[in-house]
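There are 2 protein chains.
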Amino acid sequence: MHRAAPLAGLLLFLWLVHPLAAQQAVPTHPLDGLQSAEYWAVYETLRDAGRLDSTTAFSEVTLREPPKAEVLSWKPGGRFRREARVTLRKGIRTFEAVVDVPRRRVLSFDSMPGMQAPVDFGEYEEVGTAIKADPQVRAALARRGITDLATIRCGGGPAGYFGTAEHKDHVVLRGSCSDRFGTYNSWSRQIPGLTILVDRATKKVLRVVDVGTGRPGRDSYDFTDEAVGAADATHPLVVSQPMGPGFTRQGGEVSWQHWKFHVRVDPRVGLVVSRVRWVDGDRERSVLYQGHLSEIFVPYMDSTTGWYDRVFLDAGEYAAEGMAESLEPGIDCPAHASYIDAQVMTGRGTPMIKRRVACLFERASGQVAWRHGEENSESSAGRPARDLVLRMVATVGNYDYLFDWVFQQNGSLRVAVGATGILEVKPVPSRMIAMDQGARADAVAPRDDAFGRLLAPGVVGVNHDHFFSFRLDLDVDGTSNSLAVDSLARVRLPDEHPRRSLWTVQERIARTEKGAQLDMNMHAPALWRVISADTRGPLGYATSYEIAAGHNAMSLLADDDWSQRRAGFIRHHLWVTPYSATERYAAGDYPTFSNGEFGLPAWTRADRRIEATDIVAWYTLGFHHVPRAEDWPVMPTAWHDFELRPFDFFPQNPALGLPRTP
Amino acid sequence: MHRAAPLAGLLLFLWLVHPLAAQQAVPTHPLDGLQSAEYWAVYETLRDAGRLDSTTAFSEVTLREPPKAEVLSWKPGGRFRREARVTLRKGIRTFEAVVDVPRRRVLSFDSMPGMQAPVDFGEYEEVGTAIKADPQVRAALARRGITDLATIRCGGGPAGYFGTAEHKDHVVLRGSCSDRFGTYNSWSRQIPGLTILVDRATKKVLRVVDVGTGRPGRDSYDFTDEAVGAADATHPLVVSQPMGPGFTRQGGEVSWQHWKFHVRVDPRVGLVVSRVRWVDGDRERSVLYQGHLSEIFVPYMDSTTGWYDRVFLDAGEYAAEGMAESLEPGIDCPAHASYIDAQVMTGRGTPMIKRRVACLFERASGQVAWRHGEENSESSAGRPARDLVLRMVATVGNYDYLFDWVFQQNGSLRVAVGATGILEVKPVPSRMIAMDQGARADAVAPRDDAFGRLLAPGVVGVNHDHFFSFRLDLDVDGTSNSLAVDSLARVRLPDEHPRRSLWTVQERIARTEKGAQLDMNMHAPALWRVISADTRGPLGYATSYEIAAGHNAMSLLADDDWSQRRAGFIRHHLWVTPYSATERYAAGDYPTFSNGEFGLPAWTRADRRIEATDIVAWYTLGFHHVPRAEDWPVMPTAWHDFELRPFDFFPQNPALGLPRTP
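Protein chains in written order, with the numbering used here: chain A, 1 to 662; chain B, 663 to 1324.
Structural data, given as structure tokens:
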């Protein structure tokens, strides 16, 4: 450590002295992500303040946004503060610092007792080395006939928290090993039944639990071109933009048709879309101050050792050196897409450039903005539609998630999550299930597919859920907003009425947080709308945006389950809180090994007022996953989405006058 | 009537004698829709059999499909029967005939007592003429200051059935009038409060109900180019296929990548997709024998006169001369789409050619078939995706529905419904709502927006629902299928287990129809799979296709509501019946004025066996619609969908070896 960084230091110097003279990218917007020179400055500032030693890991370094009021009053070209929020780890001690970057000052440096920083790559490797050196592990492998450890890879990560004596005494990482010989897809090669618990503080093996016997099969489930081939292209389907894209981007600021917004790629949560506005002539109307993924929860549904504690909080438990992965042009995004790069801090404190961590592209393929055929018109009237898609991909170990923010010409903003990648699987002895329909439900003995489904000989895909929390700081026509809950309730009509029933809309304004903890219910449906508290449309209704749910799921875990408690945000599809700059992560800032309800359940216990004030909505999107053979060896992308939909925000359909070509 | 049709007769003769010699299109597949010469033959056959007189209307003429076994054993070039199912109306009497087209024989001719044929255009006009001539109507209009009737248009259609004395004595059509002066969008120009009940048998006015006073506003809500303009095209986004489309179509048979299917456009339900197979080398595997829309139910939620009886069964109550409307190239379908024409019988008994009633196009814009980024690979692996879209648009009065059947490379078949067009609105005195949040919920007096929402000055969009029933005759690897219901049920773990709960999958086979009447429930979710009763995949599981629901809704109407009873299919999201050639329409063959539970509720009362036999699944897709200003004057398209998803049908992800370009 304490390495000098002369070039970066020089550049930082130049940037500080002549902000616009330096040729390298400098932040031009208060919400721009931290850039290389700034990361170096953070490093140097903390080092010079004596806060680093040779055991310090940089767990997380993100932009600490300026106060919202400052951002809202900022004008292009104006000055703005630059602060970094830094999580440092020394062993199992966690420190949180705030650094004023241009002034190179440590504004605060706090020890965070009881909080665990996310697990980083370096740690994963360190745990792996400890595991491979452990005599019990070696014996366990030898019992399976594995003596050449060169292709054996071990590692360890967060194993939840279950309130056991062991968990109270130690911060426990769960380790496992896999055999990578002869395959690139080593997810199917886990050593069955071998779990190693490692003390995070000492990186020493606490306990080896060996409940298995066999070794993984040798079948290869690769999906490289080498393995699966690639068919010749069929009749080409070419999308071209001879005049270039229809959007403009300057730094993080994007302008497309009536939409304007700012985008940065945050190390922890990826895409952060800010200051989303609808521009009509000179008038800029605020829709969403900020929206981003806040947390991911993926609990597996297998009670066996080595599996019951796979209850991942995937955004907060791992320091992944940036959630957003480099995108592959032409595959992850279409050939005509534009890309955004970003810089992230590595665990060692040196920044890293990540290329193409987001893409932007226009999409038009047979979408119809609106249409109508009327008998007194020779042909139907209508307009084809075009969207603007902003995408990132997060690879979280085996899973890959695509996150699309789709800006639509009709004023809607659709958020979609596509799940692909590799299933988390376990090797089993069974190579085929002798299925007997009758006996199946009554079977008492645990079967290899009791907690999942055989995907291939010797490979079981384990049942699991996915839950995503999106933080949606809607500012509909300004920051003073409320939540309107429009319930559709059955009304019985008088007996003498020919009709017996209908539904009407009962509008309620949620006064406090508890009144805004809402679940989807087909028997008592409701519209959830963030309404302006001070702006009305021409007809007298408050302007608003609806949070329009798509297909969704409820957690089936029990309320006293530690996992359900730790990921407490999954208890409701919607939460609303008053705006707080420090409330960004739905399961808390430090979900790793957390022992209770941080984040939304904790914040909302105060039942704060949320009426006619600056509020933040949190939407939980979930789905259950019962694996099927088609999900192997790599899953077809499965999409789920929701929409922010204007509701009396515009005086009429804003897509009326679109061009007649997309 | 009794007009001669010499040219068509000659062509039909040629076709019968030399089936392949005639240049005009002849049916080449047993499931092809009826074609012009065949309609003429139907007409002539019925006329020559003395079944027509000057009062006969052709309400519906559709292909009567050959028995399924004949279709399944048919080979290209082989002979097949051609029969037409004909519904004739004489006054309020309904007749159903079956005609053997090539042999020109009336195979059956039945009177259908108690059944009402759908209302046709001619009738609508006839009712309109009667209304406009009625002195009470003229007086009502005069009271409103309307004396020039030239731009007043009246008409009448089905008004549900409510078991009133009037309904028991008469078949009642509900008529209304609108003022078309100065607008093409006359849906906002209904004469407020004026309802005219007309006896269908005599086309005489039964009763004029006038509860209104004003006249509609003069505001124009047109969305013609003239009215709303069309912006100049922005940077072009060009989709081109220099080598033409990647699919082939011969008559109704389409082949695209691994998919093969047959399509026809049926007059009553539009797109009928049949014999959907996945082809792998020489092997053709059956997925879906046939899928199509079966019924639409749109109940409005307004108890006032003229509104409570707007409870439309839109597929069965109207003889629309073909549900599928002509598509506008470049707007309804992208510029590179291919189109399908069709012929339908008009009410007069003469066929009509309808151009471009369906389109087919390939779509690729940034969809990702699958991807994964692995640390031991320089770049992520993945494939871009391409879809094949088959689309029709049905304009049902004010509403326009897009129906997409999307064939995917991953083996899924997605069915999507897009709702656009014009809201059903009522003129009201209010031009603005003086909204008082506090008073709103407690208001006692009925308000103009009690049953909907003000969309524009003087225009209220009335709350309503949309429900669609899709008939899905899945034949997964043959006709012997069962329904597997895989329930995800919470399991509590023993107290000593660190984890408290998880869910497991409990599989159940539905033995009879009642066991397959299923609703979505987030607290007790389940997978619905049509499984093969005799084919297992390589791992031992039955091959299957899942009916994977998207966002959906439940009816909020009471069970004793006539409308709920008449559209009984909406009571469940899923129904399964044993295959029956005569069970095609979820609310029965004759929903017009139907007085009870026809269709699914009636058929399934017998609780027939559905295990290991040829079964048909019926999926109900619904959504509630609370109108908003943005839905006016024409609605942005709102999409809802579901998916037929392979589940252990393939041994692995079938999209692995796709080309590296879409």
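For glycine and all other residues, C-beta sits at the position ideal for the given N, C-alpha and C.
Tell me, which residues are paired with residue 1157(B) by DSSP? The partner list for residue 1157(B) (beta bridge, DSSP) is empty, contrary to what the question assumes.
Spatial neighbours of residue 995(B) within its chain, please: CB distance less than 7 Å, with the 5 preceding and 5 following residues excluded, ordered by chain position. 989, 1021, 1023, 1053
Where does residue 273(A) fall in DSSP's three states? strand
Where residue 232(A) meets chain B, residues with beta-carbon distance less than 8 Å: Correct list: 1321.
With which residues is residue 1282(B) paired in a DSSP beta bridge? 1131(B)
Taking C-alpha atoms, which residue in 484(A), 181(A), 118(A), 398(A) lies nearest to residue 546(A)? 484(A)
With respect to the alpha helix (DSSP H) encompassing residue 563(A), which residues constitute its N-terminal and C-terminal limits? For residue 563(A), the enclosing alpha helix (DSSP H) covers residues 562-566.
What residue range is occupied by the uninterrupted beta strand (DSSP E) comprising residue 122(A)? Here residue 122(A) belongs to no beta strand (DSSP E); instead the alpha helix (DSSP H) covers 121-133.
Per the DSSP calculation, residue 610(A) is bridged to which residue(s)? Residue 610(A) pairs with nothing; no bridge assigned.
What's the gap between the Cα of residue 1079(B) and the Cα of residue 1296(B)? The straight-line gap from Cα to Cα measures roughly 17 Å.
Rank 276(A), 266(A), 648(A) by C-alpha distance to the C-alpha of residue 294(A) and give the top, closest one. 266(A)
Where the beta strand (DSSP E) through residue 259(A) begins and ends: Start and end: 259-266.
Euclidean distance between Cα positions of residue 1310(B) and residue 394(A): 27 Å
If we define contact as Cβ-Cβ less than 8 Å, is residue 553(A) a contact residue for chain B? yes
Where residue 523(A) meets chain B, residues with beta-carbon distance less than 7 Å: 1216
Tell me the rounded alpha-carbon separation between residue 1118(B) and residue 233(A). Between residue 1118(B) and residue 233(A), the alpha-carbon positions lie close to 51 Å from each other.
Looking at the structure shown, is residue 736(B) part of a helix, part of a strand, or coil, going by DSSP? Three-state result, residue 736(B): coil.
Option in 164(A), 238(A), 244(A), 245(A) with minimal Cα separation from residue 905(B): When each option's Cα is compared against that of residue 905(B), the closest is 238(A).
Between the alpha carbons of residue 685(B) and residue 913(B), how many angstroms are there, rounded? For residue 685(B), the predicted model reports a pLDDT of 43, less than 50, meaning its position is unreliable and no value from the coordinates is stated.
Which whole-angstrom value is the C-beta distance of residue 337(A) and residue 1163(B), which I expect to be below 8 Å? Their Cβ separation, rounded to whole angstroms, is 43 Å, which puts residue 337(A) and residue 1163(B) out of contact at 8 Å.
Cα separation between residue 319(A) and residue 196(A)? 21 Å
Residue 745(B) - containing alpha helix (DSSP H), residue span: Note, residue 745(B): premise wrong, no alpha helix (DSSP H); beta strand (DSSP E) at 745-752.
Using a Cβ cut-off of 9 Å, pull out every chain B residue sitting near residue 99(A), in sequence order please. Residues of chain B passing the Cβ test: none, with the nearest at roughly 30 Å.
Counterpart residues of residue 291(A) in DSSP-defined beta bridges: 273(A), 472(A)
Does any residue of chain A bring its CB to less than 8 Å from the CB of residue 742(B)? no
Mind listing the chain A neighbours of residue 1082(B)? Cutoff is C-beta to C-beta under 9 Å, in chain order. 368, 369, 370, 371, 372, 382
Does residue 386(A) get closer than 8 Å to chain B when you measure Cβ to Cβ? yes
Coil, strand or helix - residue 510(A) by DSSP: strand
Strictly by DSSP, which residues pair up with residue 756(B)? DSSP lists 751(B) as partners of residue 756(B).
If I measure Cβ to Cβ from residue 953(B) and keep anything under 6 Å in the same chain, skipping five residues before and after, which residues do I get? 935, 1134
Along the segment 152-163 of chain A, what residues have a CB closer than 8 Å to any CB found in chain B? 162, 163
Apply the 10 Å Cβ neighbour rule to residue 1158(B) and answer buried if 16 or more other Cβ atoms are within range, or exposed otherwise. exposed
Around the C-beta of residue 475(A), are 16 or more other C-beta atoms found within 10 angstroms, so that it is buried, or is it exposed? buried
Three or more C-beta pairs closer than 8 Å, one from the segment 132-145 of chain A and one from the segment 205-214 of chain A: is that the case here? yes
Segments assigned beta strand (DSSP E), at least 3 residues, entirely inside the segment 1030-1106 of chain B: 1030-1034, 1043-1046, 1049-1058, 1061-1070, 1075-1083, 1087-1089
Decide if the segment 301-318 of chain A is in contact with the segment 150-165 of chain A; the criterion is three or more beta carbon pairs, one per stretch, under 8 Å apart. The segment 150-165 of chain A and the segment 301-318 of chain A touch, with three or more beta-carbon pairs separated by less than 8 Å.
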